[in-house]
Every structure is written in structure tokens, then in C-alpha cells.
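Have a look at the structure below before the remarks.
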């Protein structure tokens, strides 16, 4: 098959996939998102857009379930490690669903049983549309762990503490 035909088929498939994955959401100002992130997590933020598309928790769970990142990519030190998982998840969500209310979180991870610092880590923070408010969730893209966020959020055997959220 010639290169031009392959490119045209890839573009057609991409447009079809985008149509299948389209989801509706609510448009929320960066100021509202920033206020919620800082009040729940007590962290610094860097929000790069003026508004964010926010969807409900069930939609996020469907997105997480359909994302194959942690099944198709394996952790590799300095090549594809925690920051790459977090960045790639944000990219997939933005590209396929046109949702920008997921950020890259940088912070500390502690062992839940001993409360000892394990190290610094990159993961995701998700803004969720709830009844008349917004919810903040911590998401671990390497394991699909998801939990309602607080200053110290427990997922599995780890406690996540966010220092900075970058959302674009």
C-alpha cells in the first residue's frame, strides 16, 4: 500500500475514533478549578488554559477503564517512568476526549503502613463534576488506582501528597 493511502486511512480512522470517543462536559473557569485544587490539596498550581471541560466520575471511570497505557507500556527507569505515564495519560485524554481537566501532579509518596517517605513521584489529579460542586481525585496511571483527594490521599499501599499540579 502506498504511503499516501496509508496516511489518508490513518487520518480517516483518527477522525472516526474522535467521533466515537466524544463526550459532553461542563465548561468551568480556571479560577474555579484553581480555588478547588488549592483548597483540597494545599498545593501550588500552574493552570495553562482559561477554561476546563469537566465531566462526572462515571465518565472518568469509563475513560480510565478504556485507557490501555498501563497494559501496553512498561515502566523503564529514566525512559518511561512515572512522569511519562502521567504526561501520556493527560495527552491521551486531551487528544481522544478533548477533556483538559486532568493535570500532572508532582509530589511525595509515602508507605501507608510505616508513613516513611518512599520518594518523589509524578501522577495525575482529575477534576470531577459533582452535583453542584467539583471533586478532586488522585489517579495513579501505572495501576489505575483512583481515590477522592485530600492533602494526603491513600491509594493501595501508598499515600500521595501533592506539591504541584500542572494543568493545560
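In my numbering, the protein residues as written are 96 to 263. For each residue, glycine too, the CB sits at the ideal point set by N, CA and C. The model shown is predicted, which means the values in this text are computed figures rather than measured ones.
Cβ pair residue i, residue j closer than 9 Å
i, j, result
"residue 194", "residue 260", "no"
"residue 213", "residue 204", "yes"
"residue 251", "residue 207", "yes"
"residue 258", "residue 139", "yes"
Where residue i falls: helix, strand or coil (DSSP)
i, result
"residue 217", "strand"
"residue 248", "strand"
"residue 135", "helix"
"residue 157", "helix"
"residue 101", "helix"
"residue 149", "strand"
Paired residues, beta bridge with residue i - DSSP
i, result
"residue 235", "240"
"residue 256", "203"
"residue 140", "260"
"residue 192", "Partner(s): none; residue 192 has no beta bridge."
"residue 222", "231"
"residue 118", "Answer is none; residue 118 lacks a bridge partner."
"residue 124", "146"
Close Cβ partners of residue i (< 7 Å) along its chain, the five nearest in sequence each way excluded
i, result
"residue 154", "118"
"residue 137", "246"
"residue 189", "195"
Spatial neighbours of residue i in its chain, beta-carbon cut-off 6 Å, leaving aside the 5 residues before and after
i, result
"residue 147", "123, 128, 195, 196"
C-beta neighbour in chain D for residue i, strict 9 Å
i, result
"residue 190", "Of the protein chains in the structure, only one exists, and it is not chain D."
Neighbourhood of residue i by C-beta, 8 Å cutoff - its chain only, sequence neighbours within 5 removed
i, result
"residue 145", "124, 125"
"residue 184", "162, 164, 197, 219, 234, 236"
Check: Is the stretch 235-255 touching the stretch 116-123 in the sense that three or more CB pairs, one from each, lie closer than 8 Å?
Finding: no
Notebook entry, point to check: Using 8 Å as the threshold, is the stretch 208-220 in touch with the stretch 231-238, meaning 3 or more CB pairs across them?
Noted result: yes
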